[in-house]
Structure formats: C-alpha cells, structure tokens
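Using my numbering, the first residue of the sequence shown is number 243, and each one after it goes up by one.
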Amino acid sequence: APSAGPPVVDGNVMEDAYQALLSVGHSPQEARQRLDRALAAGKSFQSVEEVLLEIYKGE
Numbered sequence: 243a244p245s246a247g248p249p250v251v252d253g254n255v256m257e258d259a260y261q262a263l264l265s266v267g268h269s270p271q272e273a274r275q276r277l278d279r280a281l282a283a284g285k286s287f288q289s290v291e292e293v294l295l296e297i298y299k300g301e
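Written out as structure tokens, the structure is:
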C-alpha cells in the first residue's frame with residue numbers, strides 16, 4: 243500500500259490529461275490553465291479520469 247504523504251501526481255497522468263484536453267478542442271494555453279487550476283486544488287490524481295473530473299466539476 244502506498245504510504246501517506248504529500249499529494250503525488252504522476253507526470254504521465256498530467257501529460258495524458260493535457261493531450262485529452264487538446265483532443266476535445268481546447269487550445270494548448272487553455273489546457274495548461276485548466277491543468278494548473280486542477281493542481282492548485284492540492285489533490286492527488288491517480289488517473290487521467292480523476293484529473294478531468296476535477297477540471298470539469300465546476301462547469
């Protein structure tokens with residue numbers, strides 16, 4: 243089991259989420275801003291789905 247600690251975000255998860263945002267029509271700048279806001283929430287993301295849920299939950 244993973245040890246409890248600071249939020250860990252896999253760089254590959256964020257890269258995949260970035261590519262997913264581009265694929266649905268976001269500009270590179272907008273995709274980056276959305277990822278930055280998701281990371282600012284301080285949560286730990288284990289999957290692309292978790293990142294996208296965080297990004298879109300406020301819309």
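Glycine included, every Cβ here is placed at the ideal spot set by N, Cα and C.
* Go ahead and label residue 285 buried or exposed: buried means 16 or more other beta carbons lie within 10 angstroms of its beta carbon, across all protein chains shown. => exposed
* Asked: For residue 297 versus residue 280, is the C-beta distance shorter than 8 Å?
  -> yes
* Using 10 angstroms around the beta-carbon of residue 263, count the other beta-carbons present and answer buried if the total reaches 16, otherwise exposed. => buried
* To do: Note the first and the last residue of the continuous alpha helix (DSSP H) segment covering residue 272.
  => 270-282
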